[in-house]
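Chains as they are written, first to last, in this note's numbering: chain A, 126 to 405; chain B, 118 to 480; chain C, 46 to 283; chain D, 25 to 318; chain E, 165 to 521.
Just below is one structure, and these are the notes that go with it.
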Ligand SMILES: Nc1ncnc2c1ncn2[C@@H]1O[C@H](COP(=O)(O)OP(=O)(O)OP(=O)(O)O)[C@@H](O)[C@H]1O
Ligand SMILES: Nc1ncnc2c1ncn2[C@@H]1O[C@H](COP(=O)(O)OP(=O)(O)OP(=O)(O)O)[C@@H](O)[C@H]1O
Ligand SMILES: [Mg+2]
Ligand SMILES: [Mg+2]
């Protein structure tokens with residue numbers, strides 16, 4: 126069990142009557158790139174939100190490196206609504222806020238880019254270093270943490286070089302073109318020293334050419350940072366090229382799981398998601 | 118000729134704006150009557166330096182600083198005790214003497230050597246009112262409504278309560294917050310409490326509302342108040358309504374014919390003066406007091422023989438002056454005028470004028 | 046052949062930055078025309094200035110021969126052109142149905158038919174008719190945005206990256222719908238990152254680079270052009 | 025019965041003042057709903073309406089003064105939006121709010137300048153200012169009229185917003201100006217409409233309020249304005265029924281507190297109640313939950 | 165220019181300023197209005213900066229500033245009134261229950277601490293609220309605090325609704341400058357630290373900030389508490405400046421005034437807040453006063469000028485600034501030596517460029 130970096134167990138997420146994620150089970154192993162695909166509204170982003178603590182699941186648990194980090198059970202009104210078969214399995218409520226999850230080593234990007242608008246590229250990354258600080262309010266205010274501050278800046282600079290944003294260092298984050306903003310978001314997530322990186326549609330809004338570059342980039346960071354990557358994406362070129370495994374979600378439930386070839390030829394997936402001839 | 122500056126530290130806006138303007142009018146009238154003073158054998162033009170303290174203990178000090186910075190020799194004012202107390206240290210630090218006109222709270226002059234005053238004090242006024250309530254209405258229970266955070270109101274309410282209780286009466290006390298204009302609940306409470314008199318030492322603004330609402334709710338208790346209510350605002354509010362209003366005050370119109378006529382003429386001479394007096398030429402007691410204060414200041418300047426504020430301050434202790442509101446003479450402890458009677462008036466709701474009730478002292 | 050939309054010497058700038066630099070192109074009646082180009086090339090700015098959301102600094106825009114540059118969006122829209130904005134921009138606090146109704150704000154006739162038609166095009170929306178649009182998934186919102194634009198029965202529909210974030214099957218669906226509504230006589234100006242499909246669907250295409258139009262031709266010509274292939278079509282087509 | 029007689033006046037005062045708060049609160053809530061702007065000047069518009077009435081009635085008969093006063097107030101509300109808020113459409117929200125505070129200052133100071141800071145006596149309006157007796161309590165007729173009129177106006181408004189096209193346009197515009205424009209909605213007219221309705225209600229409220237509490241001073245609008253604003257938040261800002269219910273609750277509680285002799289806390293209590301509600305329900309009683317979809 | 169060099173220049177500038185003030189005070193009449201304005205300006209600068217820390221840098225829209233100033237002012241007053249004065253100050257309450265007096269420095273510090281403690285406690289529930297709801301809740305708390313302090317039953321401690329006075333005050337303008345200066349310097353240092361960056365991240369995007377591992381509740385509470393600490397200190401200074409205090413002066417209007425100062429200076433600019441507080445105080449309390457007086461030039465009666473006109477003009481000025489200088493005086497920029505130098509260098513470069521063409 127402890128070999129799974131991420132394990133989502135019987136997760137269900139309901140919004141009123143809408144069951145966005147329905148009894149989902151997913152595992153991601155160390156060093157893998159796993160993709161999560163599925164029709165719009167299938168619950169992919171919601172699954173990410175559950176894993177990162179944005180929403181407390183209606184039911185289910187999430188394990189990270191074998192440790193239970195999130196757990197919930199259907200309560201009150203939800204209990205009546207909830208139809209899942211594991212209603213009684215979870216007894217505690219463990220619902221950390223997103224920052225605690227990040228602290229543990231899970232970082233994410235957002236489907237709709239969420240950079241710190243009024244900050245420069247460099248500052249965006251520097252902010253992400255805050256959570257690994259050892260200084261407190263006092264030492265930080267009176268600049269008694271010179272070494273640490275120095276280290277933060279060096280790390281951030283280094284990251285900028287890696288993602289190729291060295292020249293844009295002092296520009297406002299929002300003035301960057303879209304593709305670079307996506308890269309910056311990834312760099313910012315990396316700055317939190319994660320071991321698991323969740324990417325929500327990293328290639329959205331990119332043209333095929335840029336998508337190709339991104340494909341290479343994701344592979345590189347996986348190798349260079351020893352990361353495990355879990356990714357939502359609709360660009361099939363990208364998904365098929367770099368995924369080790371793929372989960373397909375529909376109506377909140379995984380309908381298929383496997384290596385790219387299997388998925389590509391799975392009739393259910395073709396019907397629900399890929400549609401007709403896969404080329405065009 | 119040279120000029121000597123007299124500072125006028127009065128509210129022209131805020132809760133006490135109406136009263137402050139009337140007090141200022143009295144000063145201005147006196148100034149128009151006697152625009153010069155002879156100091157040490159030299160003729161000086163008297164210039165009034167008027168600032169607005171906005172009835173606020175928060176804005177007041179800056180206004181006071183302006184006067185000090187302008188180099189006035191003496192300051193008159195203010196209507197309202199809180200602002201006077203708040204500016205006290207500014208005047209002290211600036212070395213400028215101040216002459217309170219109708220600020221009746223003891224704290225204004227207590228323990229300082231530069232603040233004087235020409236009116237009676239609240240312990241006195243409160244006792245007078247308590248006696249009056251007892252004597253005239255055989256009141257056993259009084260409802261006391263004061264404004265939160267207003268030193269004048271709280272002070273007078275406090276002394277009234279003390280005196281009334283000493284006389285064996287019972288008191289129900291309530292306060293209303295700043296910005297309140299709904300007094301119906303207080304009036305209901307007074308009724309429910311079974312009070313015999315309704316005592317409300319407040320600004321004229323609140324007063325008008327209280328009278329209006331008391332009438333609308335058919336409150337048949339006498340409304341009692343201190344010097345602030347001696348204003349044509351009250352007369353207007355009460356006119357044609359079924360209410361009884363009694364106030365204690367410093368001056369009764371008709372007390373000094375020359376002054377009355379001159380003052381009325383002054384008010385009517387200029388539409389602005391008329392507006393500042395609330396639209397008619399009823400003479401407010403505070404105007405008469407302002408008038409007296411101006412002459413006391415001139416006396417002090419003459420006695421000092423100099424425009425130097427420090428000298429004026431020194432001289433003030435010994436100034437005596439017979440004014441339209443009676444004799445002014447300061448005690449040597451706090452610089453308070455020694456007064457032992459107050460006038461009681463009632464609003465005539467038919468004629469819209471004050472009727473003299475009598476003089477009331479303390480036994 | 047008449048040009049529904051004629052853009053001449055259009056310039057747009059934000060503060061000091063010039064995003065669109067003197068571009069001219071035409072959209073003939075009944076055709077699908079596409080604008081492709083890298084991020085930040087100025088495609089969205091072009092569309093936004095046509096519809097009046099930003100005021101062009103220079104240039105003219107003729108809609109059916111009438112000058113519309115510099116007018117307010119309301120008056121431009123009322124002349125039969127509409128824009129499906131980039132990033133969906135559905136009214137989050139209105140229900141799906143209300144969103145559709147707002148789309149037909151300028152119309153005074155009955156909407157039932159059109160609503161049915163939209164629901165046929167996007168059955169998913171029908172299921173979600175009473176849901177608040179803000180809680181729809183990204184793809185659902187995109188469908189709603191397109192449907193909402195159709196509700197005003199425009200002559201010209203401009204779409205800014207309608208396939209953004211959509212599942213492959215829906216992307217294809219969207220392009221089918223584009224073809225479909227084009228067949229029904231609507232003129233379409235399409236901005237797309239998915240250059241392959243856009244050029245496939247389009248009669249004409251223009252390539253934008255840093256605020257200028259650098260290439261134009263029929264959809265087919267462009268998709269076979271080497272530099273377009275290298276820059277925009279990605280590995281799959283190289 | 026004794027108890028009833030003693031406490032009825034508090035309830036009457038509470039309901040009446042609650043109705044007046046409600047009318048002002050709707051103005052806040054509507055403007056907030058569309059512009060996300062706490063229109064700090066709204067209470068002052070209410071005060072200005074009172075002053076206009078004072079000055080008009082000095083030279084004109086009441087029945088002519090009232091319509092002129094309402095029209096003038098509506099025009100002032102409209103102009104304020106055009107001059108002080110419209111130029112800031114693109115500016116950050118904070119700027120518009122500061123502009124609102126600025127307008128509030130300006131109105132108060134203008135009133136101060138014009139009135140010379142003296143309280144102005146509101147004219148007695150025939151019929152509604154008359155004194156009547158209800159179950160033995162003496163009060164003005166306006167006390168009874170207020171809640172009824174309020175409820176009628178509110179029903180009309182809710183209908184306008186939920187069922188009419190302009191109402192839908194208002195709701196759409198409240199979320200996204202640009203896209204609304206794309207739909208052909210004339211944003212400026214929608215916003216002006218909001219201010220016109222809001223000012224109209226403020227004018228009506230001022231008529232009712234000052235008939236009861238007859239002194240108009242430059243700061244007369246501040247406290248009712250603040251209370252009404254609290255009422256709007258209390259009920260969930262943006263929700264008209266919420267604002268109305270909030271206003272009645274605040275009006276009644278306030279008077280009960282006074283009746284209990286806790287007068288020092290009558291204002292503080294309003295806020296305490298508000299905070300308790302907000303902590304239990306962060307967007308007010310009927311507030312829309314913010315759908316912050318990530 | 166290196167950072168160190170810039171720090172040195174800044175320190176030198178501040179020292180220079182203090183020396184100038186000192187000399188001014190020796191040469192000029194100490195009761196001159198300019199000193200009044202400088203004193204109050206310095207105090208308002210501190211509270212404006214503390215408010216900016218919340219509203220400008222952390223994006224927490226709080227309107228409780230006046231309440232925390234009240235706490236600071238009262239704490240200072242209550243603790244430092246000399247024992248022998250208490251009988252007369254607390255005349256209605258038999259001299260009050262506090263019967264000792266602490267030194268000024270401790271009083272000021274206590275003012276900050278008490279305000280901070282209250283802020284911490286208030287923050288626990290209300291910081292969960294968002295934007296305008298937070299604003300109204302904090303405004304409400306300030307009003308509640310004000311009512312509580314006026315409460316008769318607390319009179320032995322707070323003197324009820326009556327004035328507190330006779331506590332130690334300052335004479336020299338240097339005092340508020342030094343105290344405010346130190347406090348503002350601390351705030352600036354905090355803004356420039358890693359915590360300051362976290363605050364700005366929260367302001368820009370809470371969800372992203374949280375995803376970056378920033379504990380929202382914790383950091384908001386820090387900002388709120390620290391800001392209130394300094395508001396408390398400025399309250400103590402204000403008490404000293406005014407020589408008397410009373411709960412009724414800490415109304416919401418005071419908070420709005422501070423907010424105006426912050427916005428006029430530029431939300432998110434510390435130097436902007438400082439500059440604008442001096443301008444604001446100068447205009448509102450000093451140089452416009454002539455507008456209130458009837459004025460005759462020869463026999464000509466200048467129209468409009470009469471009591472109240474000053475405030476009308478002042479509000480029009482505010483409106484003009486708000487409408488035409490949307491970013492405030494400084495925007496989000498800071499006034500710095502380097503900035504000025506760059507400004508001129510750029511200008512001359514431009515000129516050079518023009519010549520070359
Ligand atoms: N906060 C919310 N409240 C109510 N419903 C929600 C909420 N968040 C998501 N949903 C619903 O849950 C379903 C799944 O949404 P989600 O965003 O996870 O889809 P997705 O798989 O990421 O789709 P896409 O690929 O289009 O982004 C949708 O139907 C959506 O309407
Ligand atoms: N509101 C704005 N303010 C300032 N600059 C802007 C604004 N909107 C766009 N720009 C700038 O104008 C240029 C063109 O932007 P535009 O959005 O038109 O590009 P695009 O071709 O649509 O790109 P994308 O594919 O990313 O949508 C970019 O450099 C962008 O940074
Ligand atoms: Mg998604
Ligand atoms: Mg674009």
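Where a beta carbon is used, it is the ideal one built from N, C-alpha and C, also for glycine.
{"query": "So residue 235 of chain C is in the beta strand (DSSP E); what residue range does that whole segment cover?", "result": "232-237"}
{"query": "Taking the beta carbon of residue 471 of chain B as the centre, do at least 16 other beta carbons fall within 10 Å, making it buried, or is it exposed?", "result": "buried"}
{"query": "Taking C-beta to C-beta, are residue 58 of chain D and residue 198 of chain D nearer than 7 Å?", "result": "yes"}
{"query": "Within 7 Å of any Cβ in chain D, is that where the Cβ of residue 282 of chain C sits?", "result": "Note that residue 282 of chain C scores 40 on pLDDT, short of 50, meaning its location in the model is unreliable; the coordinates nonetheless yield the value given after this. Chain D contact via Cβ: absent."}
{"query": "Does residue 323 of chain E come within less than 7 Å of chain B when only Cβ atoms are used?", "result": "no"}
{"query": "Can we count residue 267 of chain A as close to ligand 1, meaning its CB is less than 6 Å from some heavy atom?", "result": "no"}
{"query": "Counting C-beta neighbours from all protein chains within 10 Å, is the total for residue 91 of chain D 16 or more, i.e. buried, or is it exposed?", "result": "exposed"}
{"query": "Is the region 460-480 of chain E touching the region 363-380 of chain E in the sense that three or more CB pairs, one from each, lie closer than 8 Å?", "result": "no"}
{"query": "Give the residues whose C-beta lies closer than 5 Å to at least one heavy atom of ligand 2, in chain order.", "result": "A:303, C:59, C:64, C:84, C:85, C:86, C:87, C:88, C:89, C:90"}
{"query": "Find the nearest neighbour of residue 185 of chain E within the set E:397, E:340, E:440, judged by alpha-carbon distance.", "result": "E:340"}
{"query": "Under the DSSP definition of a beta bridge, which residues are partnered with residue 329 of chain E?", "result": "E:408"}
{"query": "Pick helix, strand or coil for residue 63 of chain B, following the three-state DSSP scheme.", "result": "Not covered by the structure: residue 63 of chain B. The range shown for chain B is 118 to 480."}
{"query": "Between residue 214 of chain A and ligand 1, is the CB less than 6 Å from at least one heavy atom?", "result": "no"}
{"query": "State the beta-bridge partners of residue 171 of chain C as determined by DSSP.", "result": "For residue 171 of chain C, which the question treats as bridged, DSSP gives no partner whatsoever."}
{"query": "Give, in chain order, every residue of the region 292-316 of chain A whose Cβ lies closer than 7 Å to some Cβ of chain C.", "result": "302, 303, 304"}
{"query": "Taking a Cβ distance cut-off of 8 Å, strictly less, list which residues of the region 340-363 of chain B are near chain D, in chain order.", "result": "350, 353, 354"}
{"query": "Rounded to whole angstroms, what's the CA-CA distance from residue 200 of chain C to residue 230 of chain C? Just pull it up for me.", "result": "8 Å"}
{"query": "What residues from chain E crowd round residue 235 of chain B, counting only those whose CB sits closer than 7 Å?", "result": "By Cβ distance, chain E contributes nothing, its closest Cβ being about 22 Å from residue 235 of chain B, past 7 Å."}
{"query": "With a threshold of 7 Å between beta-carbons, can residue 126 of chain A be considered close to chain E, or not?", "result": "For residue 126 of chain A, the pLDDT reaches just 45, beneath the cut-off of 50, and the residue's location in the model is therefore unreliable, although a value from the coordinates is still provided. It does not; no Cβ of chain E falls within 7 Å."}
{"query": "With a threshold of 16 other CB atoms inside 10 Å of the CB of residue 29 of chain D, please say whether the residue is buried or exposed.", "result": "exposed"}
{"query": "Helix, strand or coil for residue 447 of chain E per DSSP?", "result": "helix"}
{"query": "Mind checking whether the beta-carbon of residue 187 of chain C lies closer than 6 Å to any heavy atom of ligand 3?", "result": "no"}
{"query": "Would you kindly work out how many angstroms separate the C-alpha atoms of residue 519 of chain E and residue 436 of chain E, rounded to a whole number?", "result": "Low per-residue confidence applies at residue 519 of chain E: pLDDT is 43, beneath 50, and the placement is therefore not dependable enough to give any value."}
{"query": "Which residue marks the beginning of the alpha helix (DSSP H) containing residue 125 of chain D, and which one marks its end?", "result": "117-139"}
{"query": "Whose C-beta lies closer than 8 Å to the C-beta of residue 342 of chain E among residues of the same chain, with five residues either side of it excluded?", "result": "182"}
{"query": "Taking 6 Å as the cut-off, is the beta-carbon of residue 170 of chain A closer than that to any non-hydrogen atom of ligand 3?", "result": "yes"}
{"query": "Please tell me whether, using a cut-off of 6 Å, the distance from the CB of residue 183 of chain C to the nearest non-hydrogen atom of ligand 3 is below it.", "result": "yes"}
{"query": "In chain E, what lies closer than 7 Å to residue 118 of chain D by C-beta?", "result": "427, 431"}
{"query": "What are the residues of the region 309-321 of chain E that lie near chain D, defined by any Cβ-Cβ distance shorter than 8 Å?", "result": "310, 311, 312, 314, 315, 316"}
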